[in-house]
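In our numbering, the protein residues as written are 1385 to 1955. These notes concern the structure reproduced below.
What follows is the structure in structure tokens.
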């Protein structure tokens, strides 16, 4: 019997990137195969093609030039620039490293390598390059960036040391002392952290935001009296501080002064001088507080309506409504809003993903197919979309389209959590298409990679039994499933059916009996299997009884009806 416990996992995915300017220049070494005049022409022509965006031709010429002048670091640099502009980070890094190897004293190559690593988000490599560069020269901007990288990697002590050096050179400054405060907090050195904020307060006594930082610190530790003391100082300096009011809403909620919190929130929302992003941030903070959302659901909704009325035709209002409906379990309302959002901003993947997830939860398979197909027209490199699209086609028994999507997704997938499902469903689909060569390939792949997945073992064993192929192997892997779960009716039925195919009818009857004992009495397929086994044991009356019970569960099954007629007529 085939097990139906296959599962679906969606992993939202996030993307990021940045753009930069760059410089270029040329060089030329002594001629080998090209004449000096010809070499000059090739390099100049390649540079011109690059400037006009004809990258393929430019790459060909630079590569040709390098074949003749392998030490042409300028050519490698030009190639690195082209590949960076195309988003090919591997090739960009490869070529700039080669240029740097040939001309290690060229600082432009160092800076370009830094740019490549920034686009890649390769923090470890950036740290290494910065550390190398700072050995040879003092550069405060680079030192600052390195300190921020140390902080990002959790090396808070080194970050503090570098920031301390910068403070000794440039004096107290928000850009230096706020990160020092943050790093000290991460090291649980609260006294040292407060000293950094107090330095700023002494230097800039009229800057209210520094009191706000301390207020939020105390608020995060539920020291509400100390938080109130610093909020009072903040508002004494700047009674209209937007960030202060937004933060103070959190304080009021912790004080359980909910009416005051919502009154203040509405004041912020209605204030035309407050930036929209600050208003959205405030509402999101309330949506993220489950206690507030449960107890004051209506008030939060009114706040969103207020924002919508103040900023009509804003996509951000739709986003807030969608978030609200999702968090309050109003999936149908969320669905309607998400359908509007994908029209307003069709390039926002998160809208599509959430819409598809809801349709999937509601078992609207046709809608999942419809929207995942539309999403794939926009997002061609997201394996998750191909997976849910392929699985949806599988469930409506459109196996050709299922294979098409699953195969495309599998080919671009690099997510280990998704890989297993691609392999499983490809095996299932190829089996349904009777492409047993491909099915066996993916089943064996799955068995090798995921030996603890007993659903795969059961399904493959059952399919082999239906094909009456490799039955000894089917018996072996099926037996592993019942050893692992001896009371699993599905696994027991599969093992019984394999024994039946092997002609071991008494043993088959024993295991099919266990399957019925452990819950398969309402499964028509198991009852038919039991009937077929009983026929081989020449217990025709008992077999007929099983067939009739199966027909009660599956009234339109002509195969079962034929079996009943056959054995009734043979009485």
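Every residue gets a Cβ at the ideal spot worked out from N, C-alpha and C, and that includes glycine.
Item to complete: Can you grab the Cα-Cα spacing for the pair residue 1562 / residue 1593, in whole Å?
Response: For the purposes of this step, residue 1562 is identified with residue 178 of the chain shown, where counting begins at 1. For the purposes of this step, residue 1593 is identified with residue 209 of the chain shown, where counting begins at 1. Going from the Cα of residue 1562 to the Cα of residue 1593 covers about 11 Å.
Worksheet item: What is the residue span of the alpha helix (DSSP H) that residue 1484 lies within?
Response: Position 100 of the chain shown, counted from the first residue, corresponds to residue 1484. Going by DSSP, residue 1484 is part of the alpha helix (DSSP H) stretching over 1473 to 1486.
Worksheet entry | Through-space distance from residue 1471 to residue 1440, alpha-carbon basis | Counted from its first residue, the chain shown places residue 1440 at position 56. Counted from its first residue, the chain shown places residue 1471 at position 87. Those two C-alpha atoms are separated by around 14 Å.
Worksheet entry | C-beta contact flag for residue 1739 and residue 1722 at 7 Å | Here the question's residue 1739 lines up with position 355 in the chain shown. Here the question's residue 1722 lines up with position 338 in the chain shown. A contact, by the Cβ cut-off of 7 Å.
Worksheet entry | Local conformation of residue 1779 per DSSP, three classes | The residue labelled residue 1779 in the question sits at position 395 within the chain shown. Reduced to three states, the DSSP call for residue 1779 is helix.
Worksheet entry | Continuous alpha helix (DSSP H) stretch holding residue 1563: start and end | Numbered from its first residue, the chain shown carries residue 1563 at position 179. That run of the alpha helix (DSSP H) goes 1558 to 1570.
Item to complete: Tell me whether residue 1582 sits in a helix, a strand or coil according to DSSP, three-state version.
Response: Taking the first residue of the chain shown as position 1, residue 1582 is located at position 198. Residue 1582: helix per DSSP, three-state reduction.
Worksheet item: For residue 1660, which residues from the same chain have a beta carbon less than 8 Å from its beta carbon, with the 5 sequence-adjacent residues on both sides left out?
Response: Here the question's residue 1660 lines up with position 276 in the chain shown. Same-chain partners within the cutoff: 1695, 1698 and 1700.
Discussion item. Between residue 1632 and residue 1667, how many whole angstroms is the CB-CB distance? I'm expecting something under 8 Å.
Written reply: Within the chain shown, the letter at position 248 stands for residue 1632. Within the chain shown, the letter at position 283 stands for residue 1667. About 15 Å separates the two Cβ atoms, so there is no contact after all.
Practice prompt. Might you give, ordered along the chain, the residues of its own chain that have their beta carbon closer than 7 Å to the beta carbon of residue 1614, omitting 5 neighbours on each side?
Written response: Here residue 1614 refers to the residue found at position 230 when the chain shown is read from its first residue. Counting only Cβ-Cβ distances below 7 Å, and skipping sequence neighbours, we find 1595, 1598, 1599 and 1602.
Worksheet item: CB-CB under 7 Å to residue 1942, same chain, minus the five flanking residues each way: which ones, in chain order?
Response: As a working mapping, residue 1942 is identified with position 558 in the chain shown. Excluding residues within five positions, none has a Cβ falling inside 7 Å.
Item to complete: Could you tell me the boundaries of the alpha helix (DSSP H) in which residue 1712 lies?
Response: Residue mapping note: residue 1712 aligns to position 328 of the chain shown, counting from 1. Premise fails: residue 1712 is in no alpha helix (DSSP H) and is neither H nor E.
Fill in: Start and end residues, alpha helix (DSSP H) containing residue 1628
Numbered from 1 along the chain shown, position 244 holds the residue referred to as residue 1628. Unbroken alpha helix (DSSP H) run through residue 1628: 1626 to 1638.
Worksheet item: Helix, strand or coil: which one does DSSP assign to residue 1411?
Response: Taking the chain shown and counting its residues from 1, the one referred to as residue 1411 is at position 27. Its pLDDT being 46, under 50, residue 1411 is placed unreliably by the model, and nothing is read from it.
Worksheet item: Once you ignore the five residues that flank residue 1926 on each side, which residues in its own chain have a CB closer than 7 Å to its CB?
Response: Start at 1 with the first residue of the chain shown, and residue 1926 comes out as number 542. Once the five neighbours on either side are set aside, the close Cβ partners of residue 1926 are 1918.
Worksheet item: Hey, is the region 1545 to 1560 in contact with the region 1569 to 1579, meaning 3+ C-beta pairs nearer than 8 Å?
Response: no
Worksheet item: Where does the unbroken alpha helix (DSSP H) through residue 1341 begin, and where does it stop?
Response: In the structure displayed, the chain extends from 1385 to 1955; residue 1341 sits before or after that span and is not available.
Item to complete: Would you mind stating whether residue 1715 and residue 1742 have Cβ atoms separated by less than 7 Å?
Response: In the chain shown, counting from the first residue as 1, residue 1715 sits at position 331. In the chain shown, counting from the first residue as 1, residue 1742 sits at position 358. Yes, the Cβ-Cβ distance between residue 1715 and residue 1742 is below 7 Å.
Discussion item. Here's the rule I'm using: 16 or more other beta-carbon atoms within 10 Å means buried, otherwise exposed. How should residue 1812 be labelled?
Written reply: For the purposes of this step, residue 1812 is taken as residue 428 along the chain shown, with counting starting at 1. Burial call: buried.
Discussion item. Quick check: the region 1830 to 1842 against the region 1859 to 1878, are at least 3 beta-carbon pairs closer than 8 Å?
Written reply: yes
Item to complete: Can you tell me the Cβ-Cβ gap for residue 1479 and residue 1493, rounded? I've got them flagged as a contact below 8 Å.
Response: Position 95 of the chain shown, counting from 1, holds the residue named residue 1479. Position 109 of the chain shown, counting from 1, holds the residue named residue 1493. Wrong, their Cβ atoms sit about 10 Å apart, outside the cutoff.
Item to complete: With residue 1922 as the anchor, note down where its alpha helix (DSSP H) starts and where it stops.
Response: If you number the chain shown from 1, residue 1922 lands on position 538. Run containing residue 1922: none; DSSP gives neither H nor E here.
Fill in: residue 1520 (DSSP reduced to helix, strand or coil)
In the chain shown, residue 1520 corresponds to position 136, counting from 1. Helix.
Practice prompt. Mind checking which residues open and close the alpha helix (DSSP H) that includes residue 1799?
Written response: Translated into positions along the chain shown, residue 1799 becomes position 415. No alpha helix (DSSP H) holds residue 1799; DSSP gives it neither H nor E.
Worksheet item: What first and last residue would you give for the alpha helix (DSSP H) that runs through residue 1749?
Response: Working through the chain shown from its first residue, we reach residue 1749 at position 365. Unbroken alpha helix (DSSP H) run through residue 1749: 1749 to 1762.
Worksheet item: Looking at residue 1831 and residue 1809, is the spacing between their C-beta atoms short of 7 Å?
Response: Residue mapping note: residue 1809 aligns to position 425 of the chain shown, counting from 1. Residue mapping note: residue 1831 aligns to position 447 of the chain shown, counting from 1. Not closer than 7 Å, so no.
Discussion item. Rounding to the nearest angstrom, what Cα-Cα distance links residue 1643 and residue 1683 in this structure?
Written reply: Translated into the one-based positions of the chain shown, residue 1643 becomes position 259. Translated into the one-based positions of the chain shown, residue 1683 becomes position 299. Their backbone Cα atoms lie some 9 Å apart in a straight line.
Item to complete: Note down, in chain order, each residue of its chain lying with its Cβ closer than 6 Å to the Cβ of residue 1892, except the 5 sequence neighbours on either side.
Response: Start at 1 with the first residue of the chain shown, and residue 1892 comes out as number 508. Here the set comprises 1880, 1883, 1884 and 1917.
Fill in: Secondary structure of residue 1766, DSSP reduced to three states
Translated into the one-based positions of the chain shown, residue 1766 becomes position 382. It is coil, neither helix nor strand.
Item to complete: Please check the pair residue 1779 and residue 1749, which I expect to be a contact at CB under 8 Å, by giving their CB distance rounded to whole angstroms.
Response: Here the question's residue 1779 lines up with position 395 in the chain shown. Here the question's residue 1749 lines up with position 365 in the chain shown. Their Cβ separation, rounded to whole angstroms, is 5 Å, which keeps residue 1779 and residue 1749 in contact under 8 Å.
Worksheet item: Less than 7 Å separating the beta-carbons of residue 1794 and residue 1806?
Response: Along the chain shown, one-based indexing puts residue 1794 at 410. Along the chain shown, one-based indexing puts residue 1806 at 422. Yes, they are a contact pair.
Worksheet item: Once you ignore the five residues that flank residue 1707 on each side, which residues in its own chain have a CB closer than 7 Å to its CB?
Response: On the chain shown, residue 1707 is found 323 positions in, with the first residue counted as 1. The answer, listed in chain order, is 1671.
Worksheet item: How many Å lie between residue 1899 and residue 1915 at the Cα?
Response: Here residue 1899 refers to the residue found at position 515 when the chain shown is read from its first residue. Here residue 1915 refers to the residue found at position 531 when the chain shown is read from its first residue. Those two C-alpha atoms are separated by around 13 Å.
Worksheet entry | Residue burial classification, residue 1435 (beta-carbon count within 10 angstroms, cutoff 16) | One-based indexing of the chain shown puts residue 1435 at position 51. Residue 1435 is exposed by the Cβ-count criterion.
Worksheet item: Which term fits residue 1868, buried or exposed, when burial requires 16 or more other beta carbons within 10 angstroms of its beta carbon?
Response: To locate residue 1868, count along the chain shown from 1; it is residue 484. Exposed, since its Cβ has fewer than 16 Cβ neighbours within 10 Å.
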